[in-house]
Amino acid sequence: MEQENYAQRVYDVVKKIPSGKVMTYGQIALYLGNPKYARRVARAMSHAPAALRLPCHRVVNAGGGTAPGWPEQRTLLAGEGVAFKENGCVDIRKYIVKMEDLPPNMNE
DNA sequence: AAATTGACGGTTA
DNA sequence: GTAACCGCCAATT
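Going by this note's numbering, the first residue of the first sequence is number 8, and it counts up by one from there.
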């Protein structure tokens with residue numbers, strides 16, 4: 008199970024997401040060099056150990072929809088200052104942040 | 001080895 | 001602007 012190396016990259020990026028901002032799985036996947044690895048990132052998050060303190064609550068899908076089975080994610084984001092639409096989706100248009108805006112990765 | 005599922009994305013209708 | 005379909009990759013059964 009060495010593939011977790013990829014998940015590690017995801018964790019590293021997610022860890023750098025600033026408060027009050029959000030990122031999409033596709034954006035992270037693209038950053039890792041694979042535009043269609045969105046699902047892989049999602050799966051990695053589901054397996055993401057809480058010990059890593061990953062702010063996975065700042066990670067949402069392309070539609071700004073929060074993770075199913077994890078309703079408190081919205082509460083966490085709300086605590087970060089992120090606004091939500093009536094449909095329960097995050098205003099990614101306003102809170103999305105690019106990895107270019109994140110601190111430099113000194114892993115590669 | 002094959003089939004099914006899943007914290008998804010993008011395109012077409 | 002919303003709804004539905006297909007496509008992608010990996011892990012699990």
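Where a beta carbon is used, it is the ideal one built from N, C-alpha and C, also for glycine.
Nothing here was measured: the structure is a model prediction, and the numbers come from that model.
Do you know offhand how far residue i's Cα is from residue j's?
i    : j    : result
V21  : R50  : 14 Å
K28  : I103 : 6 Å
E9   : D19  : Low per-residue confidence applies at E9: pLDDT is 45, beneath 50, and the placement is therefore not dependable, though the value from the model is reported in the following sentence. Computed Cα separation, rounded: 16 Å.
Q80  : H64  : 5 Å
F91  : P78  : 13 Å
T82  : P42  : 29 Å
E87  : P62  : 11 Å
E93  : Y44  : 29 Å
G167 : G95  : Shown here, the chain extends from 8 to 115; a query on residue 167 therefore has no answer.
Let me know if residue i comes out buried or exposed under the rule of 16 or more other beta-carbons within 10 Å of its beta-carbon.
i   : result
Q34 : buried
P56 : exposed
T31 : buried
R60 : exposed
DSSP beta-bridge partners for residue i?
i    : result
I103 : V29
V97  : F91
Inspect the beta-carbon positions of residue i and residue j and report whether they are closer than 8 Å.
i    : j   : result
M106 : Y38 : yes
V97  : T73 : yes
R47  : A58 : no
I99  : G71 : yes
K120 : L84 : With the chain running from 8 to 115 in the structure shown, residue 120 is simply not present.
M52  : V67 : no
**OP:** Please specify which runs of the alpha helix (DSSP H), each continuous and at least 4 residues long, are wholly inside the stretch 14-70, giving them in chain order.
**Re:** The DSSP assignment places complete alpha helix (DSSP H) segments of no fewer than 4 residues inside the stretch 14-70 at 32-39 and 45-53, in order along the chain.
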